[in-house]
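A short write-up of the structure that comes next.
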Amino acid sequence: MGFSSSSVLLRSICRKGVVGSSSSNYHILGKWWWSRSGASWFNHRGVGTATATTASEAQYSSPWLMLSPELEGGTMSTKFYSLAADSIVRTPSSPSDVIRNRILACRGSSHGWLALVSPQDDDFFLYNPISGRHINLPSIFNLSKFPPRLSDDEDDPIHRRNVKKFILSCSPDEENCRAVVINFRGGLAVCCPGRSKEWTLMFDERRVRSVYEDIVYSDKLKLFFLLTNSSGIETWDLGDLSSPKFVKVDAVDWDEYYFISPIRRALSLMFLSGIGSVCYLVVAKEEDNLLLVVRHMIDFVGPDGQCFDILDERRPDYVRGDDVAFYDKLDKCPVRCNYMTIGFDIWKHDPKNGKFNYLDSSSLGGLAIFVGKHSHSVAIPATEFPELKPNSIYFTDGYNTGELDGRLTGRSFTIGRGGHDIGIFNYKNRTVSPCYYPCDAPSLKPILPGPIWFYPTPTN
């Protein structure tokens with residue numbers, strides 16, 4: 001999308017301020033759209049319409065969407081949605097003893113394995129939902145006080161098990177596999193699954209410590225790339241845990257980014273305080289390119305698609321409410337709000353000068369990119385799997401995916417909001433379409449715990 005065409009779009013957006021409503025008539029910028037031929041962009045499919053198969057029948061395929069677990073016969077059953085088969089895939093009916101009748105929270109999905117943590121005993125392990133195998137990891141407890149700081153939050157059990165990111169470098173059956181975790185404080189730790197008794201903590205008091213936000217692994221370079229909150233991309237060699245090597249750091253020029261990005265330019269004219277971004281690092285395996293994927297969200301969108309500003313008290317019909325609702329003085333009822341993704345920007349790393357170059361709508365090269373909270377981000381050539389849409393970003397919720405907690409009742413229940421922000425963003429024509437769940441504003445409902453991406457492999 002060029003700047004000249006977006007200028008017309010910006011006037012429409014700022015005048016109406018509506019997003020993701022089936023009655024809107026707008027060109028698309030993320031979920032701002034213009035209905036064509038009177039038809040809605042969104043296919044309101046029910047979550048029970050797909051046929052079911054068993055996970056044991058699955059072979060190497062495109063990613064599956066791991067759905068919220070359901071209670072069946074006294075046991076929590078895990079289900080997946082297969083993009084290839086357009087069907088529901090069920091795990092074996094007899095789950096492993098390691099997960100049966102336990103309260104568990106998923107903290108990562110990588111290379112066909114799930115990283116699960118028990119809030120009752122801080123047990124942390126890998127679980128393969130297809131084979132039923134599990135591999136122990138060091139307890140998550142010793143990560144709660146790392147890195148050291150003056151705070152008492154390490155004694156909070158919720159914080160202790162709240163992992164920002166977890167990935168594997170390869171299958172945990174391989175001897176050179178590394179499991180890497182970013183904890184709730186932004187600290188970095190690594191171990192060898194099934195072999196390490198404790199986490200190796202990456203901390204150097206001689207230099208300013210970075211707070212890490214995301215991580216990805218390059219199989220070709222045998223290096224980990226980490227995104228920091230100080231606009232840097234660090235490179236680490238963790239092949240030898242007794243002597244981890246910090247390689248280099250490249251900076252991200254956010255001033256240039258905000259100037260170039262058409263989405264950020266549009267959002268800046270809306271003058272909304274509730275605008276958020278989430279960044280992901282992705283390695284495109286075919287060419288081994290490092291990509292920086294930036295996701296843009298509006299925090300407060302009503303069921304009719306109207307955007308709210310929680311700091312704006314000048315609206316005649318609404319007054320400020322809590323963080324998810326505004327009060328309609330005319331109808332005398334709260335207006336429930338959800339956050340929604342409205343678009344993405346992608347930048348490609350140039351290893352020669354260390355800079356990131358902006359990719360326009362024609363430069364994605366047919367990739368299908370998968371991102372979301374608690375999932376290993378991947379980029380796959382859509383030509384490998386005909387069911388995938390080229391030049392698209394498949395996204396699950398980037399914020400709160402819900403917590404499973406049993407401290408008070410001994411039973412599983414959910415806290416928080418979210419899990420609903422799921423869809424497919426076409427980077428070329430800047431449209432959003434649904435991925436199993438509806439993605440228009442009137443249909444959004446909390447999904448707790450939120451769906452995440454799962455990557456089946458032949459070794460499962």
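So the sequence shown is numbered by the UniProt record's numbering: it starts at 1 and just counts up by one.
Built from N, CA and C at the ideal position, the CB exists for glycine as well.
Could you check what DSSP says for ALA284 in three-state terms: helix, strand or coil?
Your numbering for residue 284 matches position 284 in the sequence shown. ALA284 sits in a strand when the DSSP states are folded into three classes.
Near GLY30, what residues of its chain come up, given a Cβ to Cβ distance below 6 Å and the 5 sequence neighbours on each side ignored?
For the purposes of this step, residue 30 is taken as the residue at position 30 of the sequence shown. Residue placement at GLY30 is flagged as unreliable, the pLDDT there being 29, under the threshold of 50; the coordinate-derived value follows with that caveat. ILE342, GLY343.
For PHE259, tell me which candidate among ASP288, ASN176, ASP345, PRO193 has the shortest Cα-Cα distance.
Position 259 of the sequence shown, counted from the first residue, corresponds to residue 259. Per the Cα distances, ASP345.
If contacts are defined as beta-carbon pairs under 8 Å, then LEU272 and CYS307 qualify, I think. What distance do you get, rounded to the angstrom?
As a position in the sequence shown, residue 272 is number 272, starting the count at 1. As a position in the sequence shown, residue 307 is number 307, starting the count at 1. So it is a contact: roughly 6 Å between Cβ atoms.
Would the beta-carbon of LYS428 fall within 8 Å of that of GLY398?
Here residue 428 is taken as the residue at index 428 of the sequence shown, counted from 1. Here residue 398 is taken as the residue at index 398 of the sequence shown, counted from 1. Not in contact: LYS428 and GLY398 (Cβ atoms no closer than 8 Å).
Any chance the stretch 381–389 sits against the stretch 348–363, with 3 or more Cβ pairs inside 8 Å?
No, they do not touch.
Could you round the C-beta distance between LEU126 and ILE135 to whole angstroms and report it? I think they count as a contact, below 8 Å.
Along the sequence shown, one-based indexing puts residue 126 at 126. Along the sequence shown, one-based indexing puts residue 135 at 135. Sure, about 4 Å apart at Cβ, within 8 Å.
Determine the direct distance from the alpha carbon of LEU83 to that of ARG430, and round the result to whole angstroms.
Residue mapping note: residue 430 aligns to position 430 of the sequence shown, counting from 1. Residue mapping note: residue 83 aligns to position 83 of the sequence shown, counting from 1. In a straight line, the C-alpha of ARG430 is about 21 Å away from that of LEU83.
Beta-carbon proximity list for ASP97, same chain, < 7 Å, skipping 5 on both sides:
Indexing the sequence shown from 1 puts residue 97 at position 97. Same-chain partners within the cutoff: there are none.
How would you label ARG195, buried or exposed, when you count the other beta carbons within 10 angstroms and need 16 or more for buried?
Here residue 195 is taken as the residue at index 195 of the sequence shown, counted from 1. Per the 10 Å Cβ criterion, exposed.
Proximal residues to ASP250 (C-beta, below 6 Å), its chain only, five neighbours per side dropped:
Within the sequence shown, the letter at position 250 stands for residue 250. For ASP250, where only same-chain residues beyond five positions count, the Cβ hits under 6 Å are ILE233, GLY354.
Counting only the same chain and skipping the five closest in sequence on each side, list residues whose C-beta sits under 6 Å from that of LYS164.
The residue you call residue 164 lines up with position 164 of the sequence shown. These residues qualify, in order along the chain: ILE182.
Helix, strand or coil: how does DSSP classify PRO451 here?
The residue you call residue 451 lines up with position 451 of the sequence shown. If DSSP states are grouped into helix, strand and coil, PRO451 belongs with coil.
My output table needs one value for TYR258: the three-state DSSP class, helix, strand or coil.
Counted from its first residue, the sequence shown places residue 258 at position 258. For TYR258, the three-state secondary structure derived from DSSP is helix.
Between which residues of its own chain and PHE166 is the CB-CB distance below 6 Å, once the five residues before and five after are set aside?
The count along the sequence shown starts at 1 and reaches residue 166 at position 166. If we look at PHE166 and ignore the five residues flanking it on each side, its Cβ neighbours are ARG107, GLY108, ALA115, VAL181.
Would you check whether the ligand ADP has a heavy atom nearer than 7 Å to the C-beta of GLU387?
Absent from the structure shown: the ligand ADP. Ligands present: none.
From the DSSP secondary-structure annotation, give me the bridge partner or partners of MET270.
Numbered from 1 along the sequence shown, position 270 holds the residue referred to as residue 270. Assignment of beta-bridge partners to MET270 by DSSP yields no partner.
Assign ASN391 to one of three DSSP states: helix, strand, or coil.
Here residue 391 is taken as the residue at index 391 of the sequence shown, counted from 1. Three-state DSSP puts ASN391 in coil, outside helix and strand.
Buried versus exposed, by CB contacts within 10 Å (16 or more), ARG100
As a position in the sequence shown, residue 100 is number 100, starting the count at 1. Label assigned to ARG100: exposed.
Contact belief for LEU65 with PRO451 at Cβ below 8 Å, rounded distance in angstroms:
Taking the sequence shown and counting its residues from 1, one reaches residue 65 at position 65. Taking the sequence shown and counting its residues from 1, one reaches residue 451 at position 451. Between the beta-carbon of LEU65 and that of PRO451 there is about 5 Å, and that keeps the pair under the 8 Å contact cut.
Boundaries (first-last residue) of the beta strand (DSSP E) holding ARG107
Reading the sequence shown from its first residue, position 107 is the one you call residue 107. Here the beta strand (DSSP E) through ARG107 covers 105–110.
Could you check if GLY276 is buried or exposed, using at least 16 other CB atoms within 10 Å of its CB as the buried criterion?
On the sequence shown, residue 276 is found 276 positions in, with the first residue counted as 1. Classification of GLY276: exposed, given that the 10 Å Cβ count is below 16.
Under the DSSP definition of a beta bridge, which residues are partnered with LEU114?
As a working mapping, residue 114 is identified with position 114 in the sequence shown. Residue pairing by DSSP places LEU114 opposite SER109, TYR127 in a beta bridge.
Cβ neighbours of PRO303 in the same chain (closer than 7 Å, five flanking residues each side left out)
For this step, residue 303 is matched to residue 303 along the sequence shown. Once the five neighbours on either side are set aside, the close Cβ partners of PRO303 are ARG336, ALA441, PRO442.
Rounded Cβ spacing between LEU367 and ASN338 (contact assumed at less than 8 Å)
Taking the sequence shown and counting its residues from 1, one reaches residue 367 at position 367. Taking the sequence shown and counting its residues from 1, one reaches residue 338 at position 338. With a Cβ gap of about 28 Å, LEU367 and ASN338 do not count as contacting.
By Cβ distance below 6 Å, which residues in the same chain neighbour LEU241 in space, the five residues on each side in sequence not counted?
Position 241 of the sequence shown, counting from 1, holds the residue named residue 241. Setting aside the 5 residues that flank it on each side, LEU241 is surrounded in the same chain by THR200, each with a C-beta closer than 6 Å to its C-beta; the list follows chain order.
Burial state of SER243 (16 or more Cβ within 10 Å)
Taking the sequence shown and counting its residues from 1, one reaches residue 243 at position 243. Exposed: under 16 other Cβ atoms inside 10 Å.
Terminal residues of the beta strand (DSSP E) in which ASP350 lies
For the purposes of this step, residue 350 is taken as residue 350 along the sequence shown, with counting starting at 1. Note, ASP350: beta strand (DSSP E), 338–350.
Are the C-beta atoms of GLU256 and some chain C residue less than 8 Å apart?
Looking for chain C here will not work: only one protein chain is present.
Burial state of VAL247, where buried means 16 or more other Cβ atoms lie within 10 Å
Here the question's residue 247 lines up with position 247 in the sequence shown. It is exposed - the Cβ of VAL247 has fewer than 16 other Cβ atoms within 10 Å.
Let me check one thing: in DSSP terms, what residues is GLY276 bridge-paired to?
If you number the sequence shown from 1, residue 276 lands on position 276. Paired residue(s): MET297.
For a test of the three-state rule: what should DSSP assign to THR383, helix, strand or coil?
Against the sequence shown, residue 383 aligns to sequence position 383. Residue state, collapsed to three classes: helix.
Expected contact under 8 Å - CB spacing of ILE369 and ILE393 to nearest Å:
By 1-based counting over the sequence shown, the position of residue 369 is 369. By 1-based counting over the sequence shown, the position of residue 393 is 393. Contact holds; Cβ gap of about 5 Å.
Under a three-way DSSP split, which group does THR457 fall into?
For the purposes of this step, residue 457 is identified with residue 457 of the sequence shown, where counting begins at 1. In the structure shown, THR457 adopts coil according to DSSP, grouped into three states.
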